[in-house]
Structures are given as C-alpha cells and as structure tokens.
Amino acid sequence: MGSSKEVYRLVNGLSLIAKELVKRSQALEAAKNGDLQDLIKKAIVSATDLSGLTKGKVRSLSNAGSSNPDSVVHFTTTTGNESAEEATPVTFQQQQPSSFDASNDTNNNVREDASSSSSSSVVENLDTRDGFGSVKEATEDRGINAQVEFKRRKPRERRVPSTPFSRALGFAGLGAGLAWGTLQESARRLVFGAPSQNKQSALSPFISEQNAERLALALCRMRGAALKIGQMLSIQDESLVPRPILAALDIVRQGADVMPRSQLNQVLDAELGPEWSSKLISFDYEPIAAASIGQVHRAVTKAGIQVAMKIQYPGVADSIESDIENVKLLLDYTNLIPKGLYLDRAIKVAKEELSRECDYELEAANQKRFRNLISGTEGFYVPLVVDNLSRKKVLTTELVSGIPIDKVALLDQETRNYIGKKLLELTLTELFVYRFMQALQTDPNWSNFLYDEATKVINLIDFGAARDYPKSFVEDYLRMVIACANGDRDAVIEMSIRLGFLTGMESDIMLDAHVQAGFVVGLPFSKPGGYDFGSTNITQSASNLGATMLKHRLTPPPDEVYSLHRKLSGAFLACIKLGAVVPCRELLLQVYEHYQFGEEDVCLDGTLPGYHLHSGYGSGANSWLIQLEGGGWCNTIRSCIYRKTTRRGSSKYMEKQIPFTGILSNKAEENPDFFNWNRVKLRYCDGASFSGDDENEAAKLNFRGQRIWLAAMQELMSKGMQNANQALLSGCSAGGLASILHCDEFGDLFPKTTKVKCLSDAGMFLDAADVSGGRTLRNMFEGVVNLQEVKKNLPKSCINYLDPTSCFFPQNLIANIKTPLFLLNAAYDAWQLQASLAPRSADPSGYWDECKLNHARCNSSQIQFLQDFRNQMLHAIRDFSRSSQNGLFINSCFAHCQSERQDTWFADDSPLVANKGIAESVGDWYFDRIDVKAIDCAYPCDSTCHNLVFK
Numbered sequence: 001m002g003s004s005k006e007v008y009r010l011v012n013g014l015s016l017i018a019k020e021l022v023k024r025s026q027a028l029e030a031a032k033n034g035d036l037q038d039l040i041k042k043a044i045v046s047a048t049d050l051s052g053l054t055k056g057k058v059r060s061l062s063n064a065g066s067s068n069p070d071s072v073v074h075f076t077t078t079t080g081n082e083s084a085e086e087a088t089p090v091t092f093q094q095q096q097p098s099s100f101d102a103s104n105d106t107n108n109n110v111r112e113d114a115s116s117s118s119s120s121s122v123v124e125n126l127d128t129r130d131g132f133g134s135v136k137e138a139t140e141d142r143g144i145n146a147q148v149e150f151k152r153r154k155p156r157e158r159r160v161p162s163t164p165f166s167r168a169l170g171f172a173g174l175g176a177g178l179a180w181g182t183l184q185e186s187a188r189r190l191v192f193g194a195p196s197q198n199k200q201s202a203l204s205p206f207i208s209e210q211n212a213e214r215l216a217l218a219l220c221r222m223r224g225a226a227l228k229i230g231q232m233l234s235i236q237d238e239s240l241v242p243r244p245i246l247a248a249l250d251i252v253r254q255g256a257d258v259m260p261r262s263q264l265n266q267v268l269d270a271e272l273g274p275e276w277s278s279k280l281i282s283f284d285y286e287p288i289a290a291a292s293i294g295q296v297h298r299a300v301t302k303a304g305i306q307v308a309m310k311i312q313y314p315g316v317a318d319s320i321e322s323d324i325e326n327v328k329l330l331l332d333y334t335n336l337i338p339k340g341l342y343l344d345r346a347i348k349v350a351k352e353e354l355s356r357e358c359d360y361e362l363e364a365a366n367q368k369r370f371r372n373l374i375s376g377t378e379g380f381y382v383p384l385v386v387d388n389l390s391r392k393k394v395l396t397t398e399l400v401s402g403i404p405i406d407k408v409a410l411l412d413q414e415t416r417n418y419i420g421k422k423l424l425e426l427t428l429t430e431l432f433v434y435r436f437m438q439a440l441q442t443d444p445n446w447s448n449f450l451y452d453e454a455t456k457v458i459n460l461i462d463f464g465a466a467r468d469y470p471k472s473f474v475e476d477y478l479r480m481v482i483a484c485a486n487g488d489r490d491a492v493i494e495m496s497i498r499l500g501f502l503t504g505m506e507s508d509i510m511l512d513a514h515v516q517a518g519f520v521v522g523l524p525f526s527k528p529g530g531y532d533f534g535s536t537n538i539t540q541s542a543s544n545l546g547a548t549m550l551k552h553r554l555t556p557p558p559d560e561v562y563s564l565h566r567k568l569s570g571a572f573l574a575c576i577k578l579g580a581v582v583p584c585r586e587l588l589l590q591v592y593e594h595y596q597f598g599e600e601d602v603c604l605d606g607t608l609p610g611y612h613l614h615s616g617y618g619s620g621a622n623s624w625l626i627q628l629e630g631g632g633w634c635n636t637i638r639s640c641i642y643r644k645t646t647r648r649g650s651s652k653y654m655e656k657q658i659p660f661t662g663i664l665s666n667k668a669e670e671n672p673d674f675f676n677w678n679r680v681k682l683r684y685c686d687g688a689s690f691s692g693d694d695e696n697e698a699a700k701l702n703f704r705g706q707r708i709w710l711a712a713m714q715e716l717m718s719k720g721m722q723n724a725n726q727a728l729l730s731g732c733s734a735g736g737l738a739s740i741l742h743c744d745e746f747g748d749l750f751p752k753t754t755k756v757k758c759l760s761d762a763g764m765f766l767d768a769a770d771v772s773g774g775r776t777l778r779n780m781f782e783g784v785v786n787l788q789e790v791k792k793n794l795p796k797s798c799i800n801y802l803d804p805t806s807c808f809f810p811q812n813l814i815a816n817i818k819t820p821l822f823l824l825n826a827a828y829d830a831w832q833l834q835a836s837l838a839p840r841s842a843d844p845s846g847y848w849d850e851c852k853l854n855h856a857r858c859n860s861s862q863i864q865f866l867q868d869f870r871n872q873m874l875h876a877i878r879d880f881s882r883s884s885q886n887g888l889f890i891n892s893c894f895a896h897c898q899s900e901r902q903d904t905w906f907a908d909d910s911p912l913v914a915n916k917g918i919a920e921s922v923g924d925w926y927f928d929r930i931d932v933k934a935i936d937c938a939y940p941c942d943s944t945c946h947n948l949v950f951k
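The sequence shown begins at 1 in full-length UniProt numbering and counts up by one.
Here is the structure:
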C-alpha cells in the first residue's frame, strides 16, 4: 500500500513538471499554427532520448597532450592579430548593506583525465549498454597497491537541447523514466521483498540504483543548469542525499555528452563571426573536456600559440531559471532533500552562481584580475586570456600543462608537503588578503590546479565561479576561524551569530553540534608545527555532526559560504588526498597578524558605508561610471550629530534599492552613451564631500570621507574596474564638488592607456557674496574644513598658495586639474540661490522669499543680482575653458543636478544649448567626437529650461 502511494505521488509530481514545462513552451504555438507533425517528431525524439530508449554516438574525450589527426582541421587563411591583454593590478573594503575540467566545468588544460584517450585500453572494453561500465583500476597510494572499483561513463555525441520545448521534453522524458523505474522497483519488492542491506533504499522504491543511473544519464544529456545541480548534489554526504543517488551522481562529475560538429560551428559562427577560422592555424574538433556548461577544444592561433577554447552549449544560459526550478520540483516531489538544507536558499545561490559562470566575458575579466593579483607570487601562474577569440559564450586562453593535484599523490613526500602548503596558503590569501576567491564551482575539482613538476609552479585555471567577499564578512569570518583554532566556544558562537550561521535562539543540541563542527574544522590550525592530513578523520567527524545540524538548524547559512566552503573543503580534501604535512597554524597566524581590521572607513555614526552597482555588459563590460552622491555638508558638531540620524550620515537609514535614472540609466533610449557601462552610485554619509579625516570621540562622530573614498575605489578596482578601458567619475551637488576634489586621484588609479575623465554636475559652488554682502557659503565651508580636518586632503597645488577654505571652492581648483573635466551647471543654480545667496540669515526680512522659490516672481533688481552671480561664474571658468581637453555646459536655468534627472538628462524636451542636449554634449566631449564649450545666453533667453519652482 505504501509503495502504491509513493508511486501515485511521484507520477503526479512528475506530470506536474512536464505540464509546467510544456505549458511554457513556444513550440506549442507552432502546433496551433498547423506544424503538428514537426511537434510530434520532436516530442518523440526528445522523450525517447532523455528516457534512455535511444543512444547517441559513443565518443572518447581526447587527451590534451595528443590530438586525433582525424579531428584536427587546419586553416590557410590570412593572419590575424592575437591580443592577450593583461590588466593592471590594484585592490573598498566593501562595507555595503583557465582553463577547465570535465568533472566540474570545462578545462582548457593538459591533464591526465579518466575519460581521456590515455585510458582508452580500459574504456574500450566497457559494457556500454546504458553508458556505464565497471572498472577496476590499479592505483598506487604512497607505495600501497590498491584495487578501486568505480563506475565510468563514456561520453556520447548528442545535440544539446537548446530550445525551451526540447528542454521541457527532456524533463518530461526524465519524469516518465523515473516513474516507470519506480513502478518496476515496487513490483520487484512486492515479489522479492525490500532490500535490507541499505536502509535508505528500503525506504522508497524511487531510490533504486536503476533510477539513480537513469537520473544521472539524463542530466549528462541535458547539460546546463540541470547537470550543475546534479554535480552539486554529488559531493554531499549520505546525511543529505541517499547512497544510491550519490553513487550514480558521481558519474555526472566525469563529464557530459559532447556537441556534434554542426552545433559547435553554429556557436562559433554566432559568437566569433563566420570568419573565426581566419584567426587560427588549426582547430581540434575532438574536445579536451565536456561538462555542464560547455566543452573545451584545443587550437593554434596564427601566432603559433597553443590555446584552449571554451565553448558554451547553446541555450544553457537562457534555461538556468527554468532548469533549476524544475529540478527543484523534482526534488520536492521525491523528498530527496531534508528540510535542514534550506533548498530554496541553495537554489537562489545556485542561480546567481550559474548566471555568473555562463558569462564568459565576466570569467575573462576574473582571470585577468586574478593574474594581476597573483603576479609576483612564487609558485603560481594564471594563463593569459586571448581577447580577440573571446566573447560572451566563447573563452580562449593560453593552454597550460601540468599534473592534476590528485595525481601528485604519487610523488615524494617533500613535493606533496610543498604543494599542500602552497594550496592552503593560496586559499587563505584569496579570502583574507584579496577578498576575491577562485571559488570552486561544484566540487573539489583537482584539475583546476595543475602542478608543473619541472618549475614547481601550480597553474591556476577556471575562474567562472570567482567572486568577491565583503570586508565586513571576511573580518568576522577570520575572527571565527581563529576562535575555532583556539577552541574558544563563546567567540565561535558570537561570530556565528554575527555572520548569520546562528540566530541566537538555537537549542543546546544545535549549539553543541555547531561549535564542535567548528572545532573539527579548526583542528589543523590548533597547534604549531606540521599537521598531518594523511592521518586525519576531519571529513568523517564533520559529516557525523552535519546530520544533527540539519535536524536542528533554524536558519540557512549566509550566501557567501556556499562557494567559500566548497573552496575551503577543496583545500582540505586536496591536502588529505596528498597526505601532506602542512604548518597550518603558522600560515593562519601570519595572515591574522598582518590583517588590518578596517573600522575607520565609516559613516558619521560609525556604520559601514555602501554603494549601488549595476554591472555593465556587451561593449560596456569594461567601462565604468562612478557617481558620487550629493547632499550638503555639516559644519558644526550639532549639525553633524543631527546628520548622523539621517541617510546622509548613517547607512542604517539608506534605501536598500534606488532607481538608476539619467546618466545611470541602463536603457539606451534614456542614456545612449553609458547605458551598458558598469554604473556605480557611491552613497554619501560623511558631510565633507568625501574629503574629511578625523573624529570627535566626545560626540561619537566619525569624519572619514577620504577613507570612504579610498576604500570604495579599492573595492571597485578589485571588482574589475582595474581592467577598465574607459572610466568616468561624476557627481552631483556636494558629490559634484567631490568629483572635482578627487578627479586627479581617480585618474591616477588607471594606466595611461585607459580613457579617464570627470564630470561635475552642479558642483561649481562660488565663493560669492550673499544678498547682505556677507559670505554665507565661505563660513559654512570654513566650518567643514576645520571640523573634519579636510586640509590634509586638499590639492597641494592650491594649499601651497591659498588658505584651506579657499581650496575647498572649485573656482580655485579647476584650472590645475590634469584629468579632463566637464562642468555641467545652471548659471542660476537653484541650491546656491536658496542656501548661500539668499538664506534666511542674510535676508531676515524675507525680501527674497518669493524670488528664490519661483524665479518668475523676481523683480528687476533681484534679476540683476543674479546676472552678476552668473558673470562671476563665467569669469571663474575662463581659464579652465581654454583647455581643449575640458568641456562645459552652462545653461541659463534655475536648476540643480541635471544629469541625475531623466527629464533634464535625455528626453524629448530636455534643456538645450545651441540645439544640443546635456547627454549628447557630455557624450560628444567624453568620446572626443567634438569640442564642447556650451555657454547659454543670459536669462530669460532659454525657453528649454526645466526650472525648479518650489511654490
């Protein structure tokens, strides 16, 4: 009775999967339009293929060291140019709320592979009725002969299901196959009884070896996100996934089926153009490796460089969402995953990781960045990226050779100790120094680390899953690792709560298990001297505690640890595999003692600053636009204390999401020149235009604007800005002043080959007399400069000749700025009119009240005063405007911050000067299309203004 209920439940669940997938398919529309025959044909072929009733052509992946002559095509076209572009190294401590492997993702390297032709004498004799074979392979483990029995699968040549309909049918076929297998197993148990040797198998007829193999085969044929999830599940222990499923899923780490030549050519033509072969001498159609997202082929460029070309399967990037959702449905209906795993959170993280892995342009940037970070570090090498043969779905890199780390286990103890130490040292450096980690994508993939025995260099490859880690997270994680190493229970719990591993409401059972698990992981770091990984039982001890934590856990782990713990476990497992003896505690303490816990780049109230980032793409992937937020200043202790209770002084009050409009818009029709750039808005919370550097302990005020600026730039450089070929620093109001103050600092971050310019919007604050004859703005700026110790950060070219307050005014700075600068300003700036020219302190009778709220109510004498102000502005920019590298757009409007607003930046009725709008003028200047020195005639001549009216 129980079996029939399970079968009924399974069939219902799988039918829902199929219905959901088919319901979304565009192919049904074709059937409605009369193309029913084609629909039926595709349905039959896809369903039978995925359920295992048809077979593809058996292929053996080639060994990277020896090509099959029949698969290599030689080209005789004219030569092309190779560009192996290198980035410039640099490293915000973020405070804000290649090559590839068949067993993980593709690997463009030379290696010994279980499925390579070097093992063909064994593989050829396999029984491949279902694509599997049982092999007994003799291995030598540090002098001990052993017989290891495992299953191996021969890859087959099959087209990748690339359309929504074909992938929908793939899941439907899988569902049908699993349902049929469950019925078979149920019938067998009714006749012969349930198995007793494996408790998990006895629980459900679904979890049979046949179904497990059926699932693994289908995932290998589907490829894409479906196979990725299978790989992720394959590295769990039996407390998470039943043993038969684990045994079969281990096969998915051996590689996927391969694309036929015709489909491969379609991808290359689409990505590199139909003339892609003109850049090569030869191309090997036999892949070095085939995995979940793509496969790798050897080629030789016109310059004679041996390269590895990683080519993405068609359709996998577009199917991530649907594939994962439907695998989740399958897992939900079959009860494979315990509730303590928090599947929804894991699925969310998997989607984000897979989206990054499918972006080969991002991977290329990651590889360049890591190459620069690691340059000069003894014992490591990162291959060059070949830019002119790389695109969104094709990544070409230098081909490197070496021995996968697991094969190093056959070398002498000294070598194994050396490699184990280097790997652990690299892991600690990546996390705690770079805060950028070559994260493992799905499993401890030994072929991501290739050891060159002759040079004692470890070649590092495959950066698709590389990611950054926030500084706040890294600091607390380092404290927790130290606590684990020192056996400090209270500190482990405190740091675990801060990091999000615990809520603070856990039971004693959960706390004990969590702390003990931490102590187990910290064991190698607990004592000085070499730790012998060859005699450890760390993995078994952690696994035993894992079952308890799954049962009593109250919250999922933080998102950062999904990839981080794969990397850390990979480092440990590599050392265990090597049997290495490593001075772990010394390596950890070396990092800890040199680590600078940064709590000084903070907002006024001590909270961590932040920024918003929208990543670029396409032609703008390596272009960066940084906008500095504005929002006035605080010049007294009292005003700063009030400010720290607002979003201008505390990140606690900042919006988590803000709209990106105007120059930050991601729409070409709203922002034609910068829409696809990496666009960043750095939030303003210091009160001195990102230039103060002091503190007031009595008032608990932190004046750290300059440090926020520096930390933000370091963070963004580490996120890829160091590879920028174009960069623009912009800002509005107080942020516009900041873009002037920091313009040359920004320019100095980049090599001379990078086009770097600055834009100040409404930042031209004048040292002008107010309506009473006083100097309201100068008095304010003097308070800002003195209170927040701005002087030390002002340009020396000014401070050597003028007082610090004068050097806070742009009119005394702009002529000496070396980096090209564009001034966008309203000649009758609305903020300056209200706050510095006619504030209540200068106009106690309120004579100017009506005029400053609505310019149409200004009398003739008030207009004349404002015309004099405009003339002062034009005089202040006279020398600046003589430089051909600089740009101007001074319109005669009563406005403020015109680049942020869509209606003034780029719209049908945007403000014009000489029949040209702001966005077009800034674009012409930045891209050197034409010199831009646009100065409007005096008020009231301009009818295109979007004047600010407050009443």
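For glycine and all other residues, C-beta sits at the position ideal for the given N, C-alpha and C.
If you're wondering where the values come from, they're calculated on a predicted model, not measured in any experiment.
DSSP lists no beta-bridge partner residue for residue 684. Contact between the segment 462-474 and the segment 545-564 is established, with three or more Cβ pairs separated by less than 8 Å.
Collapsing the DSSP output to three states places residue 596 in coil. Just measuring C-alpha positions, the residue of 602, 312, 916, 590 sitting nearest residue 433 is 590. Counting only residues of its own chain and dropping the five nearest sequence neighbours on each side, residue 325 has no CB closer than 6 Å to any other CB. When DSSP reads this structure, residue 757 sits in a beta bridge with 728.
Rounded to the nearest whole angstrom, the C-alpha separation of residue 663 and residue 734 is 17 Å. Distances from the CA of residue 549 to each of 435, 867, 531, 502 were compared; the closest alpha carbon is that of 502. In the DSSP assignment, residue 398 falls within the beta strand (DSSP E) that extends over 394-398. Counting every other CB atom within 10 Å of its CB across the protein chains shown gives residue 644 a total of 16 or more, marking it as buried.
Here residue 761 is buried. Its C-beta has 16 or more other C-beta atoms within 10 Å.
Annotation: residue 786 to residue 694 spans about 10 Å, alpha carbon to alpha carbon. By the criterion of at least three beta-carbon pairs nearer than 8 Å, the segment 392-409 is not in contact with the segment 649-665.
Secondary structure at residue 305: coil, using DSSP grouped into helix, strand and coil.
Distances from the alpha-carbon of residue 533 to those of 573, 518, 883 put 573 closest. Secondary structure of residue 413 (DSSP, three-state): helix. Counting only the Cα atoms, residue 781 lies some 18 Å from residue 873. In this structure, the beta-carbon distance from residue 622 to residue 702 does not fall below 8 Å.
The beta-carbon distance between residue 783 and residue 635, rounded to whole angstroms, is 3 Å. This is short enough to meet the 8 Å contact definition.
Boundaries of the beta strand (DSSP E) harbouring residue 282: 280-284, taken from the DSSP string. Contact annotation: residue 529 and residue 484 have beta-carbon atoms that are not nearer than 8 Å. By the Cβ criterion, the segment 864-878 is in contact with the segment 751-767, since at least three pairs of Cβ atoms, one from each stretch, lie closer than 8 Å. A buried status is given to residue 495, since no fewer than 16 other beta-carbon atoms sit within 10 Å of its beta-carbon. Contact annotation, residue 391 with residue 272: C-beta distance approximately 6 Å; criterion of less than 8 Å satisfied.
Between residue 921 and residue 934, the gap from beta carbon to beta carbon is short of 8 Å. Non-local beta-carbon contacts of residue 793 in its own chain, meaning distances under 7 Å to residues more than five positions away in sequence, involve 691, 693, 706 in chain order. Across the set 566, 675, 627, the C-alpha of 675 shows the shortest separation from the C-alpha of residue 618. By the CB criterion at 8 Å, residue 320 and residue 268 fall outside the cutoff.
Bounds of the beta strand (DSSP E) holding residue 826 are 821-826.
For residue 695, there is no enclosing alpha helix (DSSP H); the residue is part of the beta strand (DSSP E) that begins and ends at 694-696.
For residue 513 against residue 545, the beta-carbon gap comes to about 5 Å, under 8 Å, which counts as contact. Taking residue 476 as reference, the option from 75, 498, 463, 345 with the minimal CA-CA separation is 498. In summary, residue 828 is buried, with 16 or more beta-carbon neighbours lying within 10 Å of its beta-carbon over all protein chains present. Assigned with DSSP and collapsed to three states, residue 898 falls in coil, not helix or strand. In the assembly as shown, residue 456 is an exposed residue. Its beta-carbon has fewer than 16 other beta-carbons within 10 Å.
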